[in-house]
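Chemist:
Number of protein chains: 2
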Amino acid sequence: MRLTRAAEYAIRCMVYLAKRGKGLLTSRQEIAQRAEIPGHFLAKIAQDLARAGLIEIRQGAKGGFVLLKEPAAISLLEVVEIMIGEIYLNDCIARPSTCRVSYSCAVHQVWMKARDQLRTTLSEVSLEQLVREESCIAPSRGPCPGLEGTDGDPENIPEANSV
Amino acid sequence: MRLTRAAEYAIRCMVYLAKRGKGLLTSRQEIAQRAEIPGHFLAKIAQDLARAGLIEIRQGAKGGFVLLKEPAAISLLEVVEIMIGEIYLNDCIARPSTCRVSYSCAVHQVWMKARDQLRTTLSEVSLEQLVREESCIAPSRGPCPGLEGTDGDPENIPEANSV
DNA sequence: ATATATAAGATAGATAAAGTCCGATATAGA
DNA sequence: TCTATATCGGACTTTATCTATCTTATATAT
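In the order they appear, the protein sequences are chains B and Z. Numbering-wise, the first sequence is residues 1 to 163 according to the working numbering. Numbering-wise, the second sequence is residues 164 to 326 according to the working numbering.
(1) So the candidates are B:88, B:65 and B:60; which of them puts its Cα closest to the Cα of residue 54 of chain B?
(2) Would you say the stretch 117-128 of chain B touches the stretch 32-45 of chain B, given that touching needs at least three Cβ pairs under 8 Å?
(3) With 8 Å set as the bound, which would you pick, yes or no: does the beta-carbon of residue 276 of chain Z sit closer than that to a beta-carbon of chain B?
(4) Out of Z:272, Z:275, Z:203 and Z:236, state which residue places its alpha-carbon closest to the alpha-carbon of residue 181 of chain Z.
(5) Can the beta-carbon of residue 270 of chain Z be found less than 8 Å from the beta-carbon of residue 130 of chain B?
(6) Using a Cβ-Cβ distance under 8 Å, would residue 192 of chain Z count as near chain B?
(7) Give the interface partners of residue 211 of chain Z over in chain B, defined as CB-CB distance under 7 Å, in chain order.
(8) In the DSSP assignment, find the unbroken beta strand (DSSP E) run with residue 55 of chain B in it and report its ends.
(9) With a 10 Å radius around its C-beta and 16 neighbouring C-beta atoms as the bar for buried, classify residue 29 of chain B as buried or exposed.
(10) Taking only the alpha-carbon atoms, compute the straight-line gap between residue 95 of chain B and residue 61 of chain B and give it to the nearest angstrom.
(11) Quick check for students: name the residue ranges of the beta strand (DSSP E) that lie wholly in the stretch 206-254 of chain Z, counting only runs of 3 or more.
(12) Return helix, strand or coil for residue 327 of chain Z, following the three-state DSSP convention.
(13) Verify whether the separation of the beta carbon atoms of residue 83 of chain B and residue 7 of chain B is less than 8 Å.
(14) Sorted by chain position, which residues of the same chain lie with C-beta nearer than 6 Å to residue 301 of chain Z's C-beta, five sequence neighbours on each side aside?
(15) Quick test of your reading: residue 118 of chain B and residue 280 of chain Z, contact by CB under 8 Å. State the CB separation rounded to the nearest angstrom.
(16) I want to see whether chain B comes within less than 8 Å of residue 189 of chain Z, judged by CB atoms only; does it?
(17) Give the secondary structure of residue 165 of chain Z by DSSP, where H, G and I count as helix, E and B as strand, and everything else as coil.
(18) Under the rule that 16 or more other beta-carbon atoms within 10 Å means buried, what is residue 234 of chain Z, buried or exposed?
(19) Compute the distance between the beta-carbons of residue 177 of chain Z and residue 252 of chain Z, then report whether it is under 8 Å.
(20) I need the boundaries of the alpha helix (DSSP H) containing residue 125 of chain B, first residue and last residue.
(21) Closest to residue 91 of chain B by C-alpha separation, out of B:115, B:16, B:81 and B:79, would be which residue?
(22) In its own chain, which residues sit with a C-beta less than 6 Å from the C-beta of residue 327 of chain Z, not counting the 5 before and 5 after it?
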């Protein structure tokens, strides 16, 4: 009952791209390094994101990924479900055929409610929000350095501590 | 991001025992057959439930399982977490050490909220409720007469995608 | 043309889930 | 006490999925 790593990486990638802004090209390697994602794995994940229309992938020298939508228009739920499919929590929600046992109905209702809540919570958060809010945990430059800091030192990998 | 089968079976087993009532002995075989749980697998699951103090296991001829607590005193969350451990949804909640990346903070908050909501929802449902409510379900399919309550959309069934 | 960078599919390794098997142990009843 | 019955408890097998990497192919800038 936990998020897959691929989905976790996809979120990191999308937040990173959102931080750069819509339409800006960023190389796969930069994202991989800065967001701590295995490079080849990121390539695969990006394909899913591209198929879903969130990013565009540019091949060739100076290639990379480009965010296609406004960060405010992309929800966390969207990113997650691109990677792991629609959230349902319990098999009996996705495949009612496995739900023939007499006990099922009441339990079923609970899982439906839980699933709806979870999806709602994730859908209410946009990448724009995430980018804006996380700015206050900037690594080594004091409390809240504002919204800047997206371009600049590519070498300094931020090491924010846990919440 | 889905419940394990062991947890699903544990719920079935506990609901079945709850239906019989506290203190009543029921053979493993009866439960296995009626709740459609592989017999040996149920034995293993029962050990976890017994270790957690929910049931007592009686060995020997005429052995079986006995519910030790009132159905109203056992929540769905309790049963689930005995089987799969504490729900956390995202690794970064369980192991903050994996959460060093700069993006983490805001996303972290969302997963915390989602986890809390999910655990609350599951904790608010007792076995007693489940036993009482499921009485309305006929073994065959079809809607549950009185339970349409919180369940918004009929929803298309997502095919066996990965969650 | 060449160097650079990603595409796309195949595949391998690791991890976890799901289910099975068997010797050990406990109990009821003769 | 002895025997049949039923679960214990752990080891084991199987299966599935996740995670990551490798390889060949393709696209682009210069």
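For glycine and all other residues, C-beta sits at the position ideal for the given N, C-alpha and C.
Modeler: So, from the listed chains and residues:
(1) Within the first sequence, the letter at position 54 stands for residue 54 of chain B. Closest by alpha carbon: B:65.
(2) No, they do not touch.
(3) Here the question's residue 276 of chain Z lines up with position 113 in the second sequence. Answer yes: the Cβ-Cβ gap between residue 276 of chain Z and chain B drops below 8 Å somewhere.
(4) Residue 181 of chain Z sits at position 18 when you count from the first residue of the second sequence. For residue 181 of chain Z, the nearest C-alpha among the options comes from Z:236.
(5) For the purposes of this step, residue 270 of chain Z is taken as the residue at position 107 of the second sequence. For the purposes of this step, residue 130 of chain B is taken as the residue at position 130 of the first sequence. Contact: yes.
(6) Within the second sequence, residue 192 of chain Z is the residue found at index 29, counting from 1. Chain B contact via Cβ: absent.
(7) Stepping through the second sequence from its first residue, residue 211 of chain Z is reached at position 48. Correct list: empty, because the minimum Cβ distance to chain B is about 16 Å.
(8) What you label residue 55 of chain B is simply residue 55 of the first sequence in a count that begins at 1. Start and end: 55-58.
(9) Here residue 29 of chain B refers to the residue found at position 29 when the first sequence is read from its first residue. Per the 10 Å Cβ criterion, exposed.
(10) Position 95 of the first sequence, counted from the start, is the residue given in the question as residue 95 of chain B. Position 61 of the first sequence, counted from the start, is the residue given in the question as residue 61 of chain B. Computed Cα separation, rounded: 46 Å.
(11) 218-221 and 227-230
(12) What the structure shows of chain Z is the stretch from 164 to 326, and residue 327 of chain Z is not part of that stretch, so it cannot be assessed.
(13) For the purposes of this step, residue 83 of chain B is taken as residue 83 along the first sequence, with counting starting at 1. For the purposes of this step, residue 7 of chain B is taken as residue 7 along the first sequence, with counting starting at 1. Yes, Cβ-Cβ distance for residue 83 of chain B and residue 7 of chain B is below 8 Å.
(14) Here the question's residue 301 of chain Z lines up with position 138 in the second sequence. With a pLDDT of only 45 at residue 301 of chain Z, under the threshold of 50, the placement of this residue in the model should not be trusted, and no figure is reported.
(15) One-based indexing of the first sequence puts residue 118 of chain B at position 118. One-based indexing of the second sequence puts residue 280 of chain Z at position 117. Confirmed, about 7 Å.
(16) Along the second sequence, one-based indexing puts residue 189 of chain Z at 26. Cβ-Cβ to chain B under 8 Å: no for residue 189 of chain Z.
(17) As a first step, residue 165 of chain Z must be located in the second sequence, where it is residue number 2. Here residue 165 of chain Z sits in strand by DSSP.
(18) Looking up residue 234 of chain Z in the second sequence gives position 71. Buried, by the Cβ-count rule.
(19) Stepping through the second sequence from its first residue, residue 177 of chain Z is reached at position 14. Stepping through the second sequence from its first residue, residue 252 of chain Z is reached at position 89. Not a contact, by the Cβ cut-off of 8 Å.
(20) Working through the first sequence from its first residue, we reach residue 125 of chain B at position 125. Element bounds for residue 125 of chain B: n/a, residue is neither H nor E.
(21) Working through the first sequence from its first residue, we reach residue 91 of chain B at position 91. Selected option, being the one with the closest Cα: B:115.
(22) One cannot answer for residue 327 of chain Z here, as it falls past the ends of chain Z, which runs 164 to 326.
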